[in-house]
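First the structure, in the form of structure tokens, and then the observations on it.
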Amino acid sequence: MVETVDKKCIFCEIVNGNISARVITQNEWAIAFLDAFPLSKGHTLLIPKKHYSKVQDMDQIYSSSLFKLLRNVTAAVEEAAGTKACTIAIHNGMEAGQEILHVHIHIIPRTHDDGAGPIHSMFKNKPKIGNEEMDLVLHKVKLLLQAKGS
Numbered sequence: 008m009v010e011t012v013d014k015k016c017i018f019c020e021i022v023n024g025n026i027s028a029r030v031i032t033q034n035e036w037a038i039a040f041l042d043a044f045p046l047s048k049g050h051t052l053l054i055p056k057k058h059y060s061k062v063q064d065m066d067q068i069y070s071s072s073l074f075k076l077l078r079n080v081t082a083a084v085e086e087a088a089g090t091k092a093c094t095i096a097i098h099n100g101m102e103a104g105q106e107i108l109h110v111h112i113h114i115i116p117r118t119h120d121d122g123a124g125p126i127h128s129m130f131k132n133k134p135k136i137g138n139e140e141m142d143l144v145l146h147k148v149k150l151l152l153q154a155k156g157s
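Each position in the sequence shown, counted from 1, maps to that position plus 7 in my numbering.
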């Protein structure tokens, strides 16, 4: 059993064995299973076994294990689904479309005619950002990283 922050989290319930899932594989820190509401054949979710709401909240061992599992599972999911490509997506926070506040990575097998389009097609109200504002954002991000020692 994994101790969770949110006892009502459906993904924590899957990890704890209280809700069944079609588990593909897992390691000590992460698990991969088929999405119960797939967007395409083979749509897979990967989650850390410990409850984290956002990617930046994860510690190094959970983050590394989750992305190692992602690397190992992606090709198998594509091949099993009969596709040559997939979209790998993380919604990081409610405003970004995260519906379950437990870090999860989607592997969504894709075809040319699936109608989903590229990531840029998701945004209907694209901002007009000039060079000066881009440089300001760049500078702020670099300063924040330096302050954290990254």
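Built from N, CA and C at the ideal position, the CB exists for glycine as well. Just so it is clear, the structure is predicted and the values come from calculations on it, not from any experiment.
Beta-carbon within less than 7 Å of Phe18's beta-carbon, same chain only, minus the 5 sequence neighbours each way: which residues are those?
So the qualifying residues of the chain are Ile54, Ile107, His109 and His111.
How many angstroms separate the CA atom of Asn34 from the CA atom of Lys56?
In a straight line, the C-alpha of Asn34 is about 9 Å away from that of Lys56.
So what does DSSP say about Gln33, is it helix, strand or coil?
Of the three classes helix, strand and coil, the one that applies to Gln33 here is strand, per DSSP.
List the endpoints of the continuous beta strand (DSSP E) containing Leu53.
Where Leu53 is concerned, the enclosing beta strand (DSSP E) stretches over Thr51 to Pro55.
Under a three-way DSSP split, which group does Leu41 fall into?
In this structure, Leu41 counts as strand in the three-state DSSP scheme.
Would you give the residue range spanned by the beta strand (DSSP E) that His113 belongs to?
Ile112 to Arg117 is the span of the beta strand (DSSP E), which, as asked, contains His113.
Quick one: measure Cβ to Cβ for Thr90 and Thr118, integer angstroms, because I've assumed they're closer than 8 Å.
Sure, about 6 Å apart at Cβ, within 8 Å.
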